[in-house]
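Step one of this worksheet: look at the structure below.
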Amino acid sequence: MKRLDGRVAVVTGGARGIGAAVARLLAAEGAAVVVADVLEAEGRSLVAQLGGRSRFQPLDVSSEDGWQRAAAETERELGPVSVLVNNAGIMEWGTMEEQSLASFRRVVDVNLQGAWLGMRALAPSLRRAGGGVIVNMSSLAGLIAYAGIGAYAAAKWGLRGLTKTAALELAPDGVRVCSVHPGAIRTAMTAGFDDSYTAGQPLPRFGEPEEVARMVLFVVTDATYSTGVEFVLDGGVLAGPPAVLNPAEQGPE
Ligand SMILES: NC(=O)c1ccc[n+]([C@@H]2O[C@H](COP(=O)([O-])OP(=O)(O)OC[C@H]3O[C@@H](n4cnc5c(N)ncnc54)[C@H](O)[C@@H]3O)[C@@H](O)[C@H]2O)c1
1 MKRLDGRVAV
11 VTGGARGIGA
21 AVARLLAAEG
31 AAVVVADVLE
41 AEGRSLVAQL
51 GGRSRFQPLD
61 VSSEDGWQRA
71 AAETERELGP
81 VSVLVNNAGI
91 MEWGTMEEQS
101 LASFRRVVDV
111 NLQGAWLGMR
121 ALAPSLRRAG
131 GGVIVNMSSL
141 AGLIAYAGIG
151 AYAAAKWGLR
161 GLTKTAALEL
171 APDGVRVCSV
181 HPGAIRTAMT
191 AGFDDSYTAG
201 QPLPRFGEPE
211 EVARMVLFVV
221 TDATYSTGVE
231 FVLDGGVLAG
241 PPAVLNPAEQ
251 GPE
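In the working numbering, the protein residues as written are 1 to 253.
Okay, here's the thing in structure tokens:
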């Protein structure tokens, strides 16, 4: 008996990167996984590898109609959903003065509005399933700020607040809602970053999508007394700046 046998899980942005790793792990634990993404070819190819009852759902998470269709089709094909991973995300660069309003809105529409729409669309299904778990993929940028990604940080901080609200509202229905906050993970989103980006971290390397997937699985299956809280995997960044063991060795200023 696997830990997620008989469960239905929806993973947005599941076609590649962190979402694909989450989809693989949840499927390996027995769940029927709905890979929901705008990347149809990648999504369908992953689902073919997952086998079982897993299916691909074309979905732009920023579309309310899209979510209504996804919720109805999923429940018709697989039954009620008890795990929702709102993972779809995009990052667009630009300081406050550089970034266009259209870019700001795109980032918020996918990263924040997308998760809000997803929770609204699937909350009735989670209730019909008798309860479940929602995992919202925030970021280290939802806990601290980085210059040049204001819209992304705003969306990821917002997602953290939304997670706590949803946790309070859905607790009576047996639904836990938590956020996961990865630091630098090696995916297409960080393709332009070289190893120097993580060199100053206590754990001086990029994280792997599979490490995030294991955290998501932990939240879903083991963190049964946790809701409305943050699960962080950041290579130690939040612990503080790089250690200075003996200031005298640093030499004169
Ligand atoms: N890679 C990192 O360092 C990192 C760090 C912290 C948080 N995250 C978050 O993790 C999540 C996954 O990112 P990733 O690193 O795997 O990036 P990625 O670009 O490889 O994957 C993102 C996925 O989301 C999908 N997507 C984008 N817009 C969508 C939309 N409108 N509707 C449906 N699907 C859409 C993409 O097609 C893609 O499959 C994102 O929310 C990202 O913000 C990533």
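Idealized CB from N, CA, C, for every residue including glycine.
What would DSSP say about residue i, mapped onto helix, strand or coil?
| i | result |
| --- | --- |
| M137 | strand |
| L159 | helix |
| E75 | helix |
| L59 | coil |
| R106 | helix |
| R69 | helix |
| G174 | coil |
| V8 | strand |
| G132 | strand |
| V83 | strand |
| G114 | helix |
| G94 | strand |
Contact criterion: CB-CB distance below 8 angstroms. Does residue i meet it with respect to chain E?
| i | result |
| --- | --- |
| S196 | No chain E appears in the structure shown, which is made up of a single protein chain. |
Might you give, ordered along the chain, the residues of its own chain that have their beta carbon closer than 6 angstroms to the beta carbon of residue i, omitting 5 neighbours on each side?
| i | result |
| --- | --- |
| D60 | V38 and G66 |
| G183 | L140, D234, G235 and V237 |
| W157 | G142 |
| G132 | S82, V83, L126 and V175 |
| N111 | G89 and A155 |
| G19 | V11, G13 and N87 |
Let me confirm a value: residue i is counted as buried when at least 16 other C-beta atoms fall within 10 Å, else exposed. Which label applies?
| i | result |
| --- | --- |
| G13 | buried |
| S138 | buried |
| Q113 | buried |
| A147 | exposed |
| G6 | exposed |
| A32 | buried |
| R24 | buried |
| G192 | exposed |
| P241 | exposed |
| F56 | buried |
| R16 | buried |
| M215 | buried |
Just the C-alpha distance for residue i and residue j, rounded to the nearest angstrom, thanks.
| i | j | result |
| --- | --- | --- |
| R106 | V34 | 24 angstroms |
| A263 | T227 | Outside the displayed range of the chain (1 to 253) lies residue 263, so it cannot be described from this structure. |
| Y152 | V212 | 19 angstroms |
| Q68 | R127 | 16 angstroms |
| L245 | A199 | 17 angstroms |
| A21 | N87 | 11 angstroms |
| S103 | G207 | 27 angstroms |
| E230 | W116 | 17 angstroms |
| L170 | R176 | 7 angstroms |
| L4 | S45 | 22 angstroms |
| G150 | D173 | 35 angstroms |
| I134 | G51 | 23 angstroms |
| E29 | E98 | 45 angstroms |
| A71 | V85 | 14 angstroms |
| S63 | E73 | 15 angstroms |
Grab me the residues of residue i's own chain with a C-beta within less than 8 angstroms of its C-beta, minus the 5 sequence neighbours each way, in chain order.
| i | result |
| --- | --- |
| A239 | P202 |
| A145 | A153 |
> Which ranges does the alpha helix (DSSP H) cover as unbroken runs of at least 4 residues, wholly within the stretch 179-235, from first to last along the chain?
Replying inline: Runs found: 209-221.
> Whole alpha helix (DSSP H) runs in the stretch 19-65 with 4 or more residues, listed along the chain?
Replying inline: Complete alpha helix (DSSP H) runs here, min 4: 40-50.
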